[in-house]
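Letter by letter, the sequence shown follows residues 38 to 201 of this note's numbering. All C-beta atoms, glycine included, are put in the ideal place defined by N, C-alpha and C. Quick caveat, the model's predicted, so the values are computed rather than measured.
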Amino acid sequence: MIKEGLLYTENQYLGRDRVWISVRLVLALFCFTAVYLNIDQLLSSQLFFLVGIAIIITSVVMMYLLLYRIEVFEGKVMLSGLWTTRLVKIELSSIVKVEKKPFSRFFFNNPVYNLHINGKIKFYAGGKDAVWLTDKDGLVYVIGTQRQEELFRAIETAKSKANP
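Written out as structure tokens, the structure reads:
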């Protein structure tokens, strides 16, 4: 079903960040190595095996767990999150600056939805790119994305259509 006036849509999934996938796989590899090294001790090797399987199953489930959805309409950007999170609607008429920048300078970033910190509201699931929106009051929205150029162009198009 196509929504009226939808210019761009993107889904951000909880478990698809390469760094955290690598961390979970290293933990599972550690568990399976411990199974091999503790083959004589049946109880502990079974426990390590079960933990390794649980890590892999959890990782696969997280790859299909939607953290938030970005939708750009004429005049607004809407971010809808998981089950109990509130819908965030950013009116583009109040946005004074749109920038393409990296999400963070850190290598490890935790997934966040609607995190208010130091005058910024952050949305992030994975990757390194983001679109930064600054409103008239100086509040900055940092929206992490896998397709930075497309989101940037969609926001610029929606902003120009809202303010002819």
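So what's residue i in DSSP terms, helix, strand or just coil?
| i | result |
| --- | --- |
| Ile206 | The requested residue 206 does not occur in the structure, where the chain is confined to residues 38 to 201. |
| Ser59 | helix |
| Gln185 | helix |
| Tyr105 | strand |
| Lys198 | helix |
| Thr70 | helix |
Buried or exposed, going by whether 16 or more other CB atoms sit within 10 Å of the CB of residue i?
| i | result |
| --- | --- |
| Ala91 | exposed |
| Glu136 | exposed |
| Ile132 | buried |
| Lys101 | A small correction: the amino acid at residue 101 is Tyr; Lys does not occupy that position in the sequence shown. Flag for Tyr101 reads exposed. |
| Glu128 | exposed |
Give me, in chain order, the residues of the same chain whose beta-carbon lies closer than 7 Å to that of residue i; leave out the 5 immediate sequence neighbours on both sides.
| i | result |
| --- | --- |
| Phe110 | Gly42, Leu43, Leu44 and Ala195 |
| Arg184 | Glu47 |
| Ser81 | Asn75 |
Could you give the C-beta distance for residue i and residue j, rounded to a whole number, given that I count them as a contact under 8 Å?
| i | j | result |
| --- | --- | --- |
| Val114 | Ile192 | 6 Å |
Take every Cβ of the region 146-160, pair it with every Cβ of the region 111-123, and state whether three or more of those distances are shorter than 8 Å.
A contact exists between the region 146-160 and the region 111-123.
Does the region 169-177 come close enough to the region 78-96 to have 3 or more Cβ pairs within less than 8 Å?
The region 169-177 vs the region 78-96: no contact.
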